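Protein chains in written order, with the working numbering: chain W, 12 to 369; chain H, 2 to 659; chain L, 49 to 280; chain F, 87 to 296.
Idealized CB from N, CA, C, for every residue including glycine.
Just so it is clear, the structure is predicted and the values come from calculations on it, not from any experiment.
Shown next, in structure tokens, is the structure this report addresses.
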């Protein structure tokens, strides 16, 4: 017999990439359920199609690059990307939207840059931006929360809508988005809280008038606040499991909160406050699931703080003064671009190179 | 600047670190055992950092326990000693206790189970003699750092001046290893005696004894021993209990924990007034001075679930690992690993015949379920876990990219040489990348490049010196020719002056011939005589050898001709090809015949002057031995040079834990 | 001689293409390649400037001191750009308006000053002119390819608005290849230009790599080894 | 009138620019750096002549004058890459016409066959062979560059080029190169103790490669 040669260390902390990704996926469940409850079955279809396309695309890319497809799929990173993209887009967006987005995320943003660990941009967010820029109509067609909607699509209707953009009875997505105001004539097309505020403000109304709308119940708008709460819960689980450190969510939410407070102190009529910023849009999803993507984030703790604070400030700036109602995707991509510089300037001092303090 | 540590002063922390399962029991539950001697001991000549000494015994010699086998070489290495009394059976290459599995020169000692001791040379009072002599004694006793790197203790102490604090390292932070733990429990007093001696040698102002808090028995034993020692013998000795965290036993990390200071890069602890010694080293120092016996054995941890009776044992240096494992009830499984050292920094060995050396503190034989082998390496996801855990504040992930790209300049810029190879980065890596292995290879490559670069520089200088010399010789030759020509001219002119009647230069020769005839004749005769004298010894001295030389030359010529003929044959245009080949073949045959004839003649000639050849042979052997010795000395000197360059690397490797 | 011209054309069109390999002049390249027509217009303009400047630089190269060659080149280029700008203003006003600032910006196109410095200032005018032509053609070809790609993805058409460049008859050239309900707007926007350009470069590299792999290994001729030292 | 203004404006600008240029040309003149030295320090200094030049320095000079970078087999691809980096040229694969990259070797004279002809001494570019006429020669292994120029001149073919022996202190952590050691008696041990369930087959050594 002969002996086994291996390099040290010979023991290992048994937590593989696949395990980490599984925990991330599990932690997304509360937010996902909230989304499912308030915005209908569409989310489920988006998720299913996204995961299927992502896995297929990942396998094809790996084979084209002469890698083992099974080995590559085993780390579950593609599924996480697909899930993040699926929960970011409107539930009833047509099927080809999510297909194009996933293909771009996996094929171009991930594999053309060299596969797992090499992509400089967050794949899900890059895919989202591609879709948002290319198909603005479909990408802003959010449904009203279930309790407000005049028509709540059934499971089959949702599937029909997802595939053909109208129900079996012939209602279009546009009609499904109308909310129940009592009189059919007066029906208004629904927009997300952030979108609504943005439109109303641009029409010269004040913030107080804009938030008169019936969807603004609770802290930050019906449905959205619960979705955000769900992701916050999942994020806390990730923190507790030590899958992520507090630095990124902390700095991101902190920076956003500081900006929001300053803004609402100086222009309370025009700049939404803390509650809206933290519990609307994709804030919590971004804080715990998107910005924390290790591949495209900064490495050192100090770097992470800077990186996440940069995202927070950018999100606030774009939401308040930019052309898009929500800004997480753009902010994350811009911060991704800054990562190499941040990493360069936040290098820890190696042992023995510290200046002697006297 | 001065370091002042009291028993209550704060403890610092170092960045990163991990807390792997300790698994110190059951090996630490049993007292240190003593096995019967192994049937054969393999004592490698080089067991420490530095060059091997020179052999002073021969095969067949009977040696006593503690008798030196080598004497330190040119660079002040350490001698090795016979671990017991017995007969030297062989001195050959034997697998070394080294991760490479390479072999090295080893003395095979067969014990006679008598343990007949070589006279002990204790030092009664170290104040009676100079510090230099004490250090020389320690060197003669073969004391090296027993913590990991095996750096000669005498040299370490000699290099340390103005020491504020002597730190005694009883941390033993790596899982499984309990050798120092047991030693402290059982021999605390002797360790303290070693501390006292080391303090006197270094004139350190204080002694800090550091133990990790997972060894309460050892802490008790040492505390009791300190209380029993009168405070006059050891000034300012403090026992510090350190929180358990890997790798707090690393030299640099322990200094940071105790003092909050960092050893400057490329520097030594002595630069900030600190000297660190392992507890086992302190024990060995006490033994060498008070008993006067060299370092002959050490405590080895024998642990892992593949062993029936894990524990610790006093192992004579040179004991094969296999013997110790068998004594502990070794049950190898299919993919058995045998690790020398702990699970974090130890290395696997492929051959169990390797001996225990001065730095072997643990032999670990785990089962596959106990320490699962690493899975396939996956892609780095830049998670940064390695950076969070790195105790040297390096960027392991960046180092990994650069090591993979073989970008050695970038690696140097990222301070790869400050990596202490503690293995934490690979331990925490979720992608199971063997990071440390990458770094080691890169470091070895960088070291190799430095050596190569230096060699290239020497080659360049030698080449240029040679070019210069050739140039100078050529000029000198030309100058000589010119001078000779001038002299001739002058002579001609003189002759012309002597014979002013000669009408033209053309007539000079015949006319001058007469005048200087005698002189020329004389010169010619001289030259001839000289030539003859030169030729005579050659031809007369060795007709046989010259024939052999002729034959050899002819053989080589024939070979060359054959080689030359081959390509000619291949050429399609050469119609002469075949004939040339035939020619060559004939020539070859002729040469062969000639060679045979020569050989025959030399064979027939040989028996006659037998005495002569014998003495010749002896002479030749003597000459060859002298040559070989000279060469060895040369090589060693060169090696010593490279060694001294490697010293920096060695120093940094000293940061290994026990 | 003809061999040299062949090398020049191969270099300009493929091997050393200013846009795909040297990555020069990307600013106008990315900015105005939204449609084939715009791309073709700018491509032709750049090519004309390149030919003119190369010939002129080559002609004056022996009279220009080395220290001030770059200012001189810039003046020469600026002259030709102004000529082209005025011409386009006169004959293709619609396109002139569509291209806007990017016509004067040709002055700063590094491909042009690059060729002037690297080639024209060292070679005779016929060769320099030919080099300019080939580099210009290569640049224009990439522009048109990029324009076609983006127009197709973003509008589903080709040669939309060709009448701006070629006169009224050219409106017939417009081809509607695909009817999109929702075109990929990204392709028309600047980021789309970068992404498409990346694909073009990747495609070129891929073709080159495949061709290289296909080339059979040629037999190696053994080189003469020098003896460092003499053997006596 | 306007053309006068145009021309004089241009002339004035040209004058100012000319002054600045003139100043810059004098003030910021670049001293030619000893590029040959830099190239020479990258070359491996084996002085083997495989590049077609008599020594490394002549080749360095040739490179500085525009010769190809890929003619140095002892340096291999690493040297080519470094040279390409230094000179801003394209790194090409090693020109096989000049030989191929080989492991490091050192010359050894079989001393009992040496006839003391001194031909190898004259051939050695770095004076790494010791000896005298009619005396046995020997190679200073540490100085030998492995150029093999001494092999050919030897009339009795007594010089071997042998690969440099690996030493533990210069080992490069190539775990995959450690030979498999079969230990049969241990296999038996394992078998008996595992009640014969453990086959005595020799398991292929598995290794983790860095």
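In this structure, the beta-carbon distance from residue 19/W to residue 18/H does not fall below 8 Å. Taking a cut-off of 8 Å for Cβ pairs, the stretch 155 to 166 of chain F and the stretch 478 to 486 of chain H do not touch, as fewer than three such pairs fall below it. Residue range 363 to 365 is occupied by the beta strand (DSSP E) that includes residue 363/H. For residue 253/W, the three-state secondary structure derived from DSSP is coil. Following the DSSP letters along the chain, one finds residue 351/W inside the alpha helix (DSSP H) bounded by residues 339 to 356. For residue 91/L, the closest C-alpha among the options 134/L, 183/L, 162/L is that of 183/L. Just so you know, the alpha carbons of residue 305/H and residue 189/F end up roughly 40 Å apart. For residue 99/H, the secondary structure class from DSSP, reduced to helix, strand or coil, is coil. By the neighbour-count criterion, in which 16 or more other beta carbons inside 10 Å mark a residue as buried, residue 245/L falls on the buried side. In the displayed model, residue 267/H falls within coil according to three-state DSSP, outside both helix and strand. As summarised for the stretch 273 to 328 of chain H, the continuous alpha helix (DSSP H) elements at least 4 residues long and confined to that stretch are 280 to 287, 322 to 328, given in chain order. In the structure shown, the three-state DSSP call for residue 127/H is coil.
The CB of residue 27/W comes closer than 9 Å to the CB of 376, 379, 431, 432, 433 in chain H, given here in chain order. Closest in alpha carbon position to residue 320/W, among 38/W, 265/W, 139/W, is 265/W.
The residues 132, 136, 151, 154, in chain order, have a CB closer than 7 Å to that of residue 93/L in the same chain once the five nearest residues on each side in sequence are set aside.
Proximity of the stretch 185 to 193 of chain H to the stretch 279 to 292 of chain H meets the contact definition, three or more beta-carbon pairs being nearer than 8 Å.
Here residue 87/H has 110, 111, 112, 113 as same chain residues with Cβ atoms under 6 Å from its own Cβ, once five neighbours each way along the sequence are excluded. Proximity of residue 383/H to chain W, defined by a Cβ-Cβ separation below 8 Å, is satisfied.
Look at residue 331/H here: in three-state DSSP terms it is strand. Shown here, residue 16/W sits in a strand according to DSSP, grouped into three states. Taking a beta-carbon distance threshold of 8 Å, residue 362/H does not count as an interface residue toward chain F. Counting only residues of its own chain and dropping the five nearest sequence neighbours on each side, residue 245/W has a CB closer than 6 Å to the CB of 38, 39, 41, 42. Residue 279/H has its alpha-carbon roughly 42 Å from the corresponding atom of residue 306/W. Taking a beta-carbon distance threshold of 8 Å, residue 31/W counts as an interface residue toward chain H.
Straight across, the Cα-Cα distance linking residue 101/W with residue 121/W is about 23 Å. A distance of 8 Å or more separates the beta carbons of residue 126/W and residue 377/H.
With the criterion set as a beta carbon lying under 8 Å from some beta carbon of chain L, the members of the stretch 141 to 160 of chain W are 141, 144, 145, 146, 147, 148, 149, in sequence order.
At the C-beta level, residue 68/H and residue 82/H come within 8 Å of one another.
For residue 16/W, at least one C-beta of chain F is nearer than 8 Å to its own C-beta. Proximity of chain L to residue 97/F at the Cβ level (cut-off 7 Å) is not reached, the minimal Cβ distance being about 12 Å. Assigned with DSSP and collapsed to three states, residue 241/H falls in strand. Spanning the alpha carbons of residue 141/F and residue 135/F requires a straight line of approximately 5 Å. Within the model, the alpha-carbon separation for residue 282/W versus residue 274/W is close to 6 Å. Less than 8 Å divides the Cβ of residue 12/H from the Cβ of residue 258/H. With three or more CB-CB distances shorter than 8 Å, the stretch 171 to 179 of chain W counts as touching the stretch 97 to 111 of chain W. In this structure, 220/F is the residue among 193/F, 266/F, 263/F, 220/F with its C-alpha nearest to the C-alpha of residue 202/F.
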